[in-house]
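So the sequence shown is residues 8 to 202, counted in the working numbering. C-beta atoms are modelled at their ideal positions from N, C-alpha and C, and glycine is treated no differently. The next block holds one structure in the form of C-alpha cells; read it before the comments.
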Amino acid sequence: MKKNRQAEIAKNLTGKQLVFHLLLTQLFIILLSIICSWIFFSDIPAFLHLFQWDNIWVIFGVCSGLAIVGLDLLLMKKVPPEYYDDGGINEKLFSNMPIWKIGLLSLIIAFAEEWLFRGVIQTNFGFWVASIIFALVHIRYLANWYLLLNVCLLSLWIGLVYEWSGQQIFPVILMHFTIDFLLGIKISRSSTYID
Numbered sequence: 008m009k010k011n012r013q014a015e016i017a018k019n020l021t022g023k024q025l026v027f028h029l030l031l032t033q034l035f036i037i038l039l040s041i042i043c044s045w046i047f048f049s050d051i052p053a054f055l056h057l058f059q060w061d062n063i064w065v066i067f068g069v070c071s072g073l074a075i076v077g078l079d080l081l082l083m084k085k086v087p088p089e090y091y092d093d094g095g096i097n098e099k100l101f102s103n104m105p106i107w108k109i110g111l112l113s114l115i116i117a118f119a120e121e122w123l124f125r126g127v128i129q130t131n132f133g134f135w136v137a138s139i140i141f142a143l144v145h146i147r148y149l150a151n152w153y154l155l156l157n158v159c160l161l162s163l164w165i166g167l168v169y170e171w172s173g174q175q176i177f178p179v180i181l182m183h184f185t186i187d188f189l190l191g192i193k194i195s196r197s198s199t200y201i202d
C-alpha cells in the first residue's frame with residue numbers, strides 16, 4: 008500500500024514540482040537548524056567549532072562518499088531493480104536535469120541536512136538519536152526494506168565519521184554531497200522519464 012502511495016505521488020507531480028517541494032523542505036530544515044543552533048549552542052565559538060576545516064577529514068569524507076557510490080553502483084547491477092524502487096520519485100526528480108542543477112541541489116541538501124542532523128542533533132543529543140531521526144526523515148524509503156537498510160547504514164556511517172572527526176561538519180557535508188551528486192547524475196543519465 009505504501010509503495011502504491013509513493014507511485015501515486017510521483018505520478019501526480021511533475022519533476023519541477025518535486026524539486027520545488029524538495030527545496031521548500033530544505034528551506035524548512037535550514038530555518039529549523041538556525042533556530043535550534045541558537046537554542047542549543049551556548050555561544051558563537053561553540054557553534055563555529057563545527058565549521059573547522061581539516062584537509063585529512065575532508066578528504067576522508069569525499070573518499071567515503073566515493074566508496075559508497077561505488078558500492079551502490081555495484082549493488083545496482085547485482086540486485087533486482089525493485090530493490091531500488093522508490094516509487095519513481097528519484098527518477099522524476101533528476102531526469103534530464105543539468106549537472107549544475109544536480110550539483111546545486113545536492114549541495115543544498117547536504118548542507119541543510121548535515122547541519123541539522125549532525126551539527127545540531129548529534130552534537131546535542133547523541134549519535135543514535137541523530138542516526139535514527141535521519142533515517143526516519145527519509146520516509147519514502149520506509150516502504151522498501153532494502154532502501155531503508157541503505158539509508159540506516161548510511162546514517163550510521165555519516166554519524167561515525169562526524170564523531171571520529173571531532174564533530175567537524177565539512178567532512179560529512181562533502182560526503183553527503185558526493186553521494187547525492189554522483190547518484191543524481193547516474194539517475195539523470197539513465198532515466199527514461201519525460202516531463
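1. According to the neighbour-count rule (16 or more other Cβ atoms, all chains shown, within 10 Å of its Cβ), is Leu-123 buried or exposed?
2. Near Ile-186, what residues of its chain come up, given a Cβ to Cβ distance below 7 angstroms and the 5 sequence neighbours on each side ignored?
3. Give every residue of the same chain whose Cβ lies closer than 7 angstroms to the Cβ of Ala-137, excluding the five residues on either side of it in the sequence, and list them in chain order.
4. Please state whether DSSP places Trp-135 in a helix, a strand or coil.
5. Taking 8 angstroms as the cut-off, decide whether the C-beta atoms of Leu-25 and Ile-96 are in contact.
6. Suppose you measure from the CA of Leu-112 to the CA of Phe-54; what does that come to, to the nearest Å?
7. Is it a yes or a no for the segment 82-102 touching the segment 153-169, going by three-plus beta-carbon pairs under 8 angstroms?
8. From the DSSP output, in three-state form, read off Ala-150 for me.
9. I believe Ala-142 touches Gln-33 by the beta-carbon criterion, under 8 angstroms. Please report the beta-carbon distance rounded to the nearest angstrom.
Looking at the atomic coordinates:
1. Flag for Leu-123 reads buried.
2. Gly-72, Ile-75 and Val-76.
3. Apart from sequence neighbours up to five positions away, the residues of its chain that approach Ala-137 with a beta-carbon distance below 7 angstroms are Phe-124, Arg-125, Ile-128, Gln-129 and Gly-166, ordered along the chain.
4. Assignment of Trp-135 by DSSP, reduced to helix, strand and coil, places it in the helix class.
5. For Leu-25 and Ile-96, yes; Cβs fall inside 8 angstroms.
6. Just so you know, the alpha carbons of Leu-112 and Phe-54 end up roughly 25 angstroms apart.
7. The segment 153-169 and the segment 82-102 touch, with three or more beta-carbon pairs separated by less than 8 angstroms.
8. Taken through DSSP and simplified to helix, strand or coil, Ala-150 comes out as coil.
9. About 18 angstroms separates the two Cβ atoms, so there is no contact after all.
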